[in-house]
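Visitor: Numbering (our numbering), first residue to last: 1130 to 1515.
Here a beta-carbon is modelled for each residue, glycine too, at the ideal position from N, C-alpha and C.
1) Using the beta-carbon count (16 or more within 10 Å), is residue 1189 buried or exposed?
2) Helix, strand or coil for residue 1403 per DSSP?
3) Given residue 1315, which residues of its chain have a CB within under 8 Å of its CB, disregarding the five upstream and five downstream residues?
4) Quick one: measure Cβ to Cβ for residue 1306 and residue 1184, integer angstroms, because I've assumed they're closer than 8 Å.
5) Between 1424, 1295, 1343, 1383, which lies nearest to residue 1130 when the distance is taken from Cα to Cα?
6) Between residue 1483 and residue 1335, what straight-line distance do the alpha-carbon atoms span, to the nearest angstrom?
7) Should the region 1437-1457 be called in touch with the region 1399-1410, which here means at least 3 C-beta pairs below 8 Å?
8) Which of the three DSSP states, helix, strand or coil, is assigned to residue 1475?
9) Three-state secondary structure (DSSP) at residue 1359?
10) When you compare each of 1479, 1497, 1386, 1474 to residue 1486 by their alpha carbons, which one comes out closest?
11) Given that a residue counts as buried once 16 or more other Cβ atoms are within 10 Å of its Cβ, and exposed if not, what is residue 1499?
12) What distance in whole Å lies between the Cβ atoms of residue 1332 and residue 1439, which are believed to be in contact at a cut-off of 8 Å?
13) Please state whether DSSP places residue 1506 in a helix, a strand or coil.
14) Give me the Cα-Cα distance between residue 1176 and residue 1497, rounded to the nearest whole angstrom.
15) Roughly how many whole angstroms lie between the Cα atoms of residue 1166 and residue 1182?
16) Compute every distance between the C-beta of residue 1358 and the non-hydrogen atoms of the ligand PLP, then say whether any falls below 7 Å.
17) If you scan the region 1204-1255 from start to end, which runs of the beta strand (DSSP E) of 3 or more residues do you find wholly inside it?
18) Cutting at 6 Å between CB atoms, please list the residues of its own chain near residue 1458, excluding the five before and the five after it.
19) With residue 1449 as the anchor, note down where its alpha helix (DSSP H) starts and where it stops.
20) So, is residue 1419 buried or exposed, given that buried needs 16 or more other C-beta atoms within 10 angstroms?
21) Can you grab the Cα-Cα spacing for the pair residue 1219 / residue 1282, in whole Å?
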């Protein structure tokens, strides 16, 4: 049995909805890859500017709690509405949320307000409430009792999709609402700034000129369901494996990347020769791109077309797995495979040449890679039929 994606919602810096994202990528406009406006962080002795792809307006007057919940709930509502499930079917929907930052931004905001109110008070006792996101969506939309929140860094929403698929196959639920959510927060932004992992120019994965990533926020949601419909996007299988090489980088020899890709292909019951195109993880960091490139070369005798999506929307961390999958779905719905114009155009260095213009690919089997801090690597395989 394969599960099918039957309804989706998405919000990134490119806008709202699948059609908006497909139109943006079909244009292949290199200006979409330009450095976004920075967010300013005023520190005790300096002002730090961090380029950030924002999914909604943000300024000093923004109510961060309303902004957070609006992005989360409106995106989920789009997916549920598009799926057209009955009231009885909604009772059999499980909720699976993947995020790496949870509601840290709200906690930061409340902490600042408490300190401003009384700077001499003891440190406020605020903690992350990762476990609250799935129940909030369940209660908001009247869904079934099963709910799981996943935090495995950049693979979180990809793993949430894996868990949802497993729950459906086991018969615990009939449908799943899978959500990837990564909302602006200072902890992530300043953390990556301190690690010197951010670029001050374009994000260029697999390119000899690559020198870091750009941050992004996103919220994406999909209804996964067992379905007899042969058209559209089906989830064929995937795998998640651990890499003990480093806390922040894959093994540069590509062996651990190779292992997770081969396991995903095995579970999807296809071979590397059956893959039509690849959506790479492609963070534009020196070591991670090296490891992914090596892993791809170990699996594929001849590489199929490859795209990197983070130059468009930034690295959306825990939301990136599902968000980038839905962008691929949006493009295939419109009859093309997206490109990354002006980046890694000649394949020099790592031997990865990214697609430079949209390709007329309308169906096939597709590999999607997600690799995260802490050594968690995930690969997914989907099929698209017309």
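Guide: On the basis of the data shown:
1) exposed
2) helix
3) 1170, 1234, 1237
4) 19 Å between Cβ atoms; not a contact.
5) 1295
6) 8 Å
7) yes
8) coil
9) coil
10) Closest option to residue 1486, judged by alpha-carbon separation, among 1479, 1497, 1386, 1474: 1474.
11) buried
12) Contact flag correct, Cβ pair sits at about 6 Å.
13) Of the three classes helix, strand and coil, the one that applies to residue 1506 here is strand, per DSSP.
14) 37 Å
15) 8 Å
16) Questions concerning the ligand PLP fall outside what the structure shown contains, since it holds no ligand whatsoever.
17) Annotation: the region 1204-1255 contains the following complete segments of the beta strand (DSSP E) (minimum length 3 residues), in chain order: 1222-1227.
18) Spatial neighbours of residue 1458 in its own chain (CB-CB distance under 6 Å, excluding positions within 5 residues in sequence) are listed in chain order as 1362.
19) For residue 1449, the uninterrupted alpha helix (DSSP H) segment begins and ends at 1449-1462.
20) buried
21) Looking at the two C-alpha atoms, the distance is approximately 29 Å.
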